[in-house]
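The number in the working numbering is simply the position in the sequence shown, starting from 1, with 12 added.
Positions of the beta carbon are idealized from the N, C-alpha and C atoms, including for glycine.
Note sheet for the following structure.
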Amino acid sequence: MAILKIAKMGHPVLRRRAEEVADPRAPEIRRLIADMLETMEDAPGTGLAAPQVHVPLRVVIFTVSAERSRREDGEDGEDADAVPLTVLINPEIEPIGDETELGWEGCLSVPGLMGRVPRHRAIRYSAYGLDGQRFERKAEGFHARVVQHECDHLDGILYPQRMIDMSQFLFTSEMHHYAPLGGTLAESEEAESEEDQHAR
Ligand code: NI
Numbered sequence: 013m014a015i016l017k018i019a020k021m022g023h024p025v026l027r028r029r030a031e032e033v034a035d036p037r038a039p040e041i042r043r044l045i046a047d048m049l050e051t052m053e054d055a056p057g058t059g060l061a062a063p064q065v066h067v068p069l070r071v072v073i074f075t076v077s078a079e080r081s082r083r084e085d086g087e088d089g090e091d092a093d094a095v096p097l098t099v100l101i102n103p104e105i106e107p108i109g110d111e112t113e114l115g116w117e118g119c120l121s122v123p124g125l126m127g128r129v130p131r132h133r134a135i136r137y138s139a140y141g142l143d144g145q146r147f148e149r150k151a152e153g154f155h156a157r158v159v160q161h162e163c164d165h166l167d168g169i170l171y172p173q174r175m176i177d178m179s180q181f182l183f184t185s186e187m188h189h190y191a192p193l194g195g196t197l198a199e200s201e202e203a204e205s206e207e208d209q210h211a212r
């Protein structure tokens, strides 16, 4: 396993359409996914798409902890569920309904920045897993947002291209100003406590 270099906004590999994986069970795909997992854990990140490690193939990995899901979707949100580590090979997404919602996103390829991005609230997605079997899931809220963000990478799209209000594109270090406007409270609390530490 190896920690791979992450491509940043401006690198052509992030702009092109990634290619379908011919054999989801091929040993080199297994190796790629193992390296992506190590890279994502090191970063750390919620998800990673193969083009972000300079590999133009339709492969995505992601995971959502119960704590993160509760924070993003609200304490009482029926959407708030943990998602175990998931591998998507040649994924397809289909929106369920017309509803979209705004939420904050960051990206390992756009370091230090965050933006408020509209996404479909609910989707159905399918993909091949590591075992070479095609599976299908429904997702809502933050889970649906992560899948849409990661799969956009496979079509050469970064989240700033999805934004409609560029006044909500900002440095993560300024995030704490945005809590009253729907910024995630936990992140703003972290930002403030970091500032307190610097102040001391
Ligand atoms: Ni990203």
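Can you tell me the Cα-Cα spacing of residue i and residue j, whole angstroms?
| i | j | result |
| --- | --- | --- |
| Y190 | T184 | 10 Å |
| G141 | P24 | 27 Å |
| R136 | E148 | 7 Å |
| I15 | I105 | 29 Å |
| M48 | R133 | 27 Å |
| A94 | F154 | 10 Å |
| M126 | M52 | 18 Å |
| P130 | D54 | 28 Å |
| M21 | S121 | 6 Å |
Are there 16 or more other CB atoms within 10 angstroms of the CB of residue i, so buried, or fewer, so exposed?
| i | result |
| --- | --- |
| P103 | buried |
| M13 | exposed |
| E117 | buried |
| E176 | Reading the sequence as shown, one finds Ile at residue 176 and not Glu. Result: exposed. |
| R27 | exposed |
| E84 | buried |
| T98 | buried |
| D164 | buried |
| P123 | exposed |
| E206 | The predicted model places E206 with a pLDDT of 38, which falls under 50 and marks its position as unreliable, so this point remains unresolved. |
Taking 8 Å as the cut-off, is the beta-carbon of residue i closer than that to any non-hydrogen atom of the ligand NI?
| i | result |
| --- | --- |
| A78 | no |
| Q173 | no |
| C163 | no |
| L170 | yes |
| A19 | no |
| Q160 | no |
| L69 | no |
| S121 | yes |
| A61 | yes |
In terms of residue numbering, what span does the beta strand (DSSP E) encompassing residue i cover?
| i | result |
| --- | --- |
| G118 | 112-119 |
| I18 | Neither: I18 is in no beta strand (DSSP E) and is coded neither H nor E. |
| P103 | 95-107 |
| R146 | 146-152 |
| T4 | No answer is possible for residue 4: the residues shown for the chain start at 13 and end at 212. |
| A213 | No answer is possible for residue 213: it lies beyond the span of the chain, which begins at 13 and ends at 212. |
Where do the N-terminal and C-terminal ends of the alpha helix (DSSP H) with residue i fall, by residue?
| i | result |
| --- | --- |
| V122 | Careful: V122 lies outside any alpha helix (DSSP H), inside the beta strand (DSSP E) at 122-132. |
| E53 | 39-54 |
Sorry if obvious, but does the Cβ on residue i come closer than 8 Å to a heavy atom of the ligand ADP?
| i | result |
| --- | --- |
| Q64 | Here the bound small molecules are the ligand NI; the ligand ADP is not part of this structure. |
Which ranges does the beta strand (DSSP E) cover as unbroken runs of at least 3 residues, wholly within the segment 168-195, from first to last along the chain?
-> 181-183
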